[in-house]
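> Next up is a structure, given as structure tokens.
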Amino acid sequence: MIKVEKRNDVSRSIYFLTPVLAIFLTLFGGGIIFFILGFNPIEALKFFFITPISDLYGLSELLVKATPLCLIAIGLSFCFKSNNWNIGAEGQLIFGGIVGGGVALLFYNHDGFYVLPIIILSGAFGGMLFAMIPAILKTYFNTNEILVSLMLVYVAKLLLDYLVVGPWSNPEGFNFPETRQFSESARMPILFDGLRIHAGIFITLITVFLSWLVLYKTYLGFQIKVSGLSLKTAKYAGFKGKTMIIFVFMISGACAGLAGVGEITGPIGQLHRNISPDYGFTAIIVAFLGRLNPIGIIFASLIVALTYLGAETAQIFLQVPKYTGQVFQGMILFFLLGSDYLLFFKIKFLGLKKNEL
Amino acid sequence: MYKLFLRSLISVLFLLSFSLNANAEFKVGFVYVGPTGDHGWTYQHHEGRNAVEALGIKTTYVESVPEGADAERVIRQLAQSGHDLIFTTSFGYMDPTNKVAKDFPNVKFEHATGYKREHSNVSTYSARFYEGRTLLGHMAGKMTKTNTIGYIASFPIPEVIRGINAMTLAAQKVNPDIKTKIVWVFTWYDPGKESEAAQALIDQGADIIMQHTDSTAPVQVAEKAGVWSFGQASDMQRFAPKSILTSIIDDWAPYYVERSIAARDGTWKQQDTWHGLKEGMVAMAPYNSAMGSDLVKEVEQLQKDLASGKAHSFTGPIYDQKGDILVAEGAVADDGMLAGMNVYVKGVEGDIPQ
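Taken in sequence, the protein lines are chains A and B.
Going by this note's numbering, the first sequence opens with residue 1, and the numbers climb by one from there.
Going by this note's numbering, the second sequence opens with residue 358, and the numbers climb by one from there.
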């Protein structure tokens, strides 16, 4: 007979160390997979985790990839901490991209320092509006925010499809589903010649700092955390639940919108159908791997970004299938959830008692 | 001053890392938009790569590369890791290919289906798939009982519209009452959407299903419904043995072999290639004997004539939907007109989505 019991005393340091353990277990599990595939595991892991960041270009690419993930995950942490399950960050990213991209096209061939800030703000605003749909439906009509936010992802994707195929398609582009390239004034400034790392990283860092400030130093942050731990306590304390739900969704949506606008004004430079390789979904893994903690999320976004780059280099140098990257992401989450379970619960093996037979 | 120093230091390190990674062995890289097992577009490019590999040339491929911000990094990594010739096999790689080409003047780039050649080391190539569509139109016009052809189209770009027009013109030639119904699915590969579109067309009376999308779903739906169909990109015969009359096959192998040898031997030059039945870049799968030996002979003759230049897919008179003349009697459409084609010919139903 096996019995599962809740542990009462969970050490805080172990709580933050389990993600590290999960990563080591993933490396170990990955090594075994590479071994089964017939590769030298040490060499394969080197190609996967070290080669991609062994030069400046690779490091810059790592940051380019981690920037949107970190930004979205920070926003999601507000929702998740307060028990609001926003699964639709991908849709909010795309909608932010649509609004920001629309403004960028409006300012086509305009010069001026004000162009980019307006685009960025409108992108954040777009994501925010889009996230308010599930929030308002949840607070006033008691709908399930998981379903609503998830289904809205498809709405945003189809809207983007419609716009780039139809009204916003490049007039000189032979009807291909893409808009014009944005003007220089609508592009994120590149930080170093020859590298793709752009000013969007500062937006991310500022967001990380502000969210730390709000979550840990304000009454509002306290309210968010209390509602996450126990809704009844929050109600008893007299917190305004509805306002808070809408507020966390707005933050989350704005962050996703910023990520979207960062992508289209940064490395992409136009709107087309594939502005995000599912960053909004991957960011959910990032948020939990980072323990919903701003600093943790920074590290988590770097690690998850590395699994993407690693999958590419491993494919180039070893010709392993591209999907190994997704296997690695899956393993990280699996090991994290697994060790969490063992962290919060203990399993007791009890002998069979006579009267049970 | 400090910033300037830092910038130049980084640039120097950056360039150094290129030169250190350069390798003496000749290598060819391929960037695919889908998985190698899609049985359509990417599968055929992969077959082309296998032909290059068979020559003893070392090749590398990266599959399922999204056409967004990731494409540039993958292409750059291939260039940086010592690949001398890189094929980027989807339209969405056009700008990233040109961007990377600018930074690697010694690496040759080949971009499929695009029109931008911004640097002297970028070539473009595509196939005259519309010649295959002419053959399909001929068969469809002869085989249909309902005079309705169902066409599953991906995006309203000139290549797809050219195919619809070529097919309709050929079908009209053998059957003046022909109508072409089109469903736009706005995807290159989505088995669910494609099979829904096929079913919708069959429900509207189409007894011929044609696709300009890459999955095998439409031919499978046609097989079940007992109507005729045509395969796309690769020979899809085994997915619908009764229904498929033939498939248009994209055969990239000869081109990939030729360009790889040219790049290795130093004779590679920038060019814009548009090959068809003549050069074998467009090929036809075996014809289904169910259509009768007379029709098979007719189609084989037409295939020979298209290849030799005796026949042309767009021979006048050609009218648009409103009845205005597009190509005068006796004339043939030139490549410029074909490349930018954005109107339907008479007999196609509906409007081009704009």
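By construction, the Cβ of each residue, glycine as well, lies at the ideal position given by its N, Cα and C atoms.
These numbers come from a predicted model, not from an experiment.
Count the CB pairs spanning the region 37–48 of chain A and the region 163–173 of chain A that are closer than 8 Å, and state whether there are at least three.
no
> Strictly under 8 Å for the Cβ-Cβ distance: is SER276 (chain A) near chain B by that measure?
Chain B contact via Cβ: present.
> Among B:SER480, B:THR470, B:LEU526, which has the Cα closest to the Cα of ALA690 (chain B)?
When each option's Cα is compared against that of ALA690 (chain B), the closest is B:LEU526.
> Could you please give me the residues that DSSP links to TYR546 (chain B) through a beta bridge?
None, per the DSSP bridge assignment.
> What is the C-beta distance between PHE344 (chain A) and VAL4 (chain A), in whole angstroms, given that I count them as a contact (C-beta under 8 Å)?
Contact between PHE344 (chain A) and VAL4 (chain A) is absent: CB atoms are separated by about 10 Å, not below the 8 Å threshold.
> Residues of the region 172–190 of chain A in Cβ contact with chain B at a cutoff of 7 Å, in chain order, please.
PHE174, ASN175, PHE176, PRO177
> Report the three-state DSSP secondary structure of TYR482 (chain B) (helix, strand or coil).
strand
> With a CB to CB cut of under 7 Å and the five nearest residues on each side skipped, what residues in its chain are close to PRO674 (chain B)?
Contacts found: ILE682, VAL684, ALA685, GLU686.
> What residue from A:ILE332, A:GLN326, A:ILE316, A:TYR341 has the CA that sits closest to VAL419 (chain B)'s CA?
A:ILE316
> Report the neighbours of GLN434 (chain B) on chain A: residues whose CB is nearer than 8 Å to its CB, in chain order.
Close partners of GLN434 (chain B) in chain A (Cβ separation under 8 Å): GLU312, THR313, ILE316.
> So with Cβ pairs under 8 Å, would you call HIS198 (chain A) a contact of chain B?
no
> Roughly how many angstroms separate the alpha carbons of LYS502 (chain B) and TYR508 (chain B), rounded to a whole number?
Between the alpha carbons of LYS502 (chain B) and TYR508 (chain B) lies a gap of roughly 16 Å.
> By the three-class DSSP mapping on this structure, what secondary structure does TRP609 (chain B) have?
Correct three-state label for TRP609 (chain B): coil.
> So what's GLY102 (chain A) in DSSP terms, helix, strand or just coil?
helix
> Which residues does DSSP pair with TRP585 (chain B) in a beta bridge?
B:ILE565
> If you count every other CB in all the chains shown that lies within 10 Å of the CB of ALA647 (chain B), and 16 or more means buried, which is it?
exposed
> Quick one, are the C-beta atoms of ILE332 (chain A) and ALA22 (chain A) less than 8 Å apart?
yes
> For LEU442 (chain B), write down the residues that DSSP places opposite it in a beta bridge.
B:VAL385, B:LYS465
> Examine chain A for any beta-carbon lying closer than 8 Å to the beta-carbon of GLY697 (chain B), and answer yes or no.
Answer yes: the Cβ-Cβ gap between GLY697 (chain B) and chain A drops below 8 Å somewhere.
> Name, please, each residue of chain A whose Cβ falls closer than 8 Å to the Cβ of VAL419 (chain B).
GLU312, GLN315, ILE316, LYS322
> Between which residues of its own chain and LEU27 (chain A) is the CB-CB distance below 8 Å, once the five residues before and five after are set aside?
LEU45, PHE49
> For SER252 (chain A), which three-state DSSP category applies?
helix
> Counting only beta-carbon separations shorter than 8 Å, does ILE514 (chain B) have a partner in chain D?
Checking the listed chains, one finds no chain D in this structure; the protein chains it contains are A and B.
> I want to verify the contact list: residues of chain A whose CB lies under 7 Å from the CB of GLU475 (chain B), in sequence order.
Near GLU475 (chain B) there are no residues of chain A at all, since even the closest Cβ is about 12 Å away, more than 7 Å.
> Does the ligand PLP have even one heavy atom less than 7 Å from the beta-carbon of TYR162 (chain A)?
The ligand content of the structure shown is nil, which means the ligand PLP is not present either.
> What in chain B is Cβ-close to GLN429 (chain A), meaning under 8 Å?
Because chain A spans 1 through 357 in this model, residue 429 (chain A) falls outside it and cannot be assessed.
> What is the DSSP secondary structure of LEU147 (chain A), counted as helix, strand or coil?
helix
> Pull up the DSSP beta-bridge partners for GLU178 (chain A), would you.
A:HIS272
> Identify, in the order they occur along the chain, each residue of the same chain with its Cβ nearer than 6 Å to the Cβ of PHE78 (chain A), setting aside the five sequence neighbours on each side.
VAL248, ILE251, SER252
> With a threshold of 8 Å between beta-carbons, can ARG430 (chain B) be considered close to chain A, or not?
True, the Cβ-Cβ gap to chain A drops below 8 Å.
> Indicate whether at least one CB of chain B lies closer than 8 Å to the CB of GLN319 (chain A).
yes
> Among the candidates B:SER483, B:ILE559, B:ARG430, whose CA atom is the shortest distance from the CA of ALA458 (chain B)?
It is B:ARG430 whose Cα lies nearest to the Cα of ALA458 (chain B).
> Closer than 8 Å is the cut-off here; do at least three beta carbon pairs connect the region 117–124 of chain A with the region 282–298 of chain A?
no
> Under 8 Å, do ILE601 (chain B) and MET641 (chain B) count as touching if we go by C-beta distance?
no
> Taking Cβ to Cβ, would you say VAL578 (chain B) is nearer than 8 Å to PHE596 (chain B)?
no
> Sort A:MET128, A:SER82, A:GLY29 by Cα distance to ALA259 (chain A) and report the nearest one.
A:MET128
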